[in-house]
Amino acid sequence: MTTAKICGLSTPEAVKAALDGKASHIGFVFFPKSPRDIDPQTAARLALPARAKVKVVAVTVDPDDALLEQLMATLKPHLIQVHGKETPNRIRDIAMRTGAGVIKALSVSTSVEIEAARAFEEVVEHLMFDAKPPKDSELPGGTGARFDWTLLKGRRFARPWFLAGGLDPWNVREAIEQSDAPLVDVSSGVERGAGLKDPVLITSFLDAVRRG
Numbered sequence: 009m010t011t012a013k014i015c016g017l018s019t020p021e022a023v024k025a026a027l028d029g030k031a032s033h034i035g036f037v038f039f040p041k042s043p044r045d046i047d048p049q050t051a052a053r054l055a056l057p058a059r060a061k062v063k064v065v066a067v068t069v070d071p072d073d074a075l076l077e078q079l080m081a082t083l084k085p086h087l088i089q090v091h092g093k094e095t096p097n098r099i100r101d102i103a104m105r106t107g108a109g110v111i112k113a114l115s116v117s118t119s120v121e122i123e124a125a126r127a128f129e130e131v132v133e134h135l136m137f138d139a140k141p142p143k144d145s146e147l148p149g150g151t152g153a154r155f156d157w158t159l160l161k162g163r164r165f166a167r168p169w170f171l172a173g174g175l176d177p178w179n180v181r182e183a184i185e186q187s188d189a190p191l192v193d194v195s196s197g198v199e200r201g202a203g204l205k206d207p208v209l210i211t212s213f214l215d216a217v218r219r220g
């Protein structure tokens, strides 16, 4: 059965909606250019009631060692998501340095780009396939853009992978059916404004995922 990660959380109400809806992962964003950016101490407080129920994910873009150390000292995430230009060697280093699993997010639009993700299979806990952001966007993800989900249909990877990009409560069932995604990730699709998660939309999204 497909399960879901709710990304970019910043309020207790949104965290509660994710837990009540049986999300498998919750994500906190550590990237100053994002409207979902949060400080590690606040994220740690929000994650405290969730740690025993879901996987806590720290979402980063080309994180330096200082940020990784700060995150491990405060939030103590189960997983670190990297959404920049990280190489397989850097991801291996992040995993060894932190002891956390790594999710490598990749922006894709073609079969060739999806197949190129196999270069990361041996060093990650999960791959994440996301849409390419608009050319004028400073954000690598969370933009609401989507790609052709059928490109993933029938592909097999060494680890369970996430589908991301433009998902919302109204299209996630179609996305799962077209891609066979074992995991889905949502951010802007459950917001009522930039960075403002709507607990009602989170509930609706997770209900739609579970209906499959």
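If you read the sequence shown in my numbering, its first letter stands for residue 9, the second for the next number, and so on. A virtual CB, placed ideally from N, CA and C, is assigned to each residue, including glycine.
Note the first and the last residue of the continuous beta strand (DSSP E) segment covering residue 184.
Run containing residue 184: none in the beta strand (DSSP E); it sits in the alpha helix (DSSP H), 180-187.
Is residue 9 helix, strand or coil when you go by DSSP?
coil
Classification of residue 11 by the beta-carbon crowding that lies within 10 angstroms, buried from 16 upward:
buried
8 Å contact criterion, which residue 206 and residue 136 should meet: CB distance rounded:
Wrong, their Cβ atoms sit about 23 Å apart, outside the cutoff.
Quick check on DSSP: helix, strand or coil for residue 41?
coil
Separation of residue 213 from residue 30, as counted between CA atoms:
11 Å
Residue ranges of each beta strand (DSSP E) run of no fewer than 3 residues wholly in the segment 87-152, ordered along the chain?
87-90, 109-116, 134-139
What did DSSP end up calling residue 165 once you bin it into helix, strand or coil?
coil
Residue 73 (DSSP reduced to helix, strand or coil)
helix
C-alpha distance - residue 188 paired with residue 163, whole-angstrom precision:
9 Å
In angstroms, rounded to a whole number, what distance separates the CA positions of residue 123 and residue 130?
14 Å
Start and end of the alpha helix (DSSP H) containing residue 211?
207-218
Counting along the chain, where does the beta strand (DSSP E) carrying residue 66 start and finish?
63-68
Can you say whether residue 182 is buried or exposed, counting buried as having 16 or more other CB atoms within 10 angstroms of its CB?
exposed
DSSP state of residue 156, grouped into three classes?
coil
Under the three-state reduction of DSSP, which class applies to residue 197: helix, strand or coil?
helix
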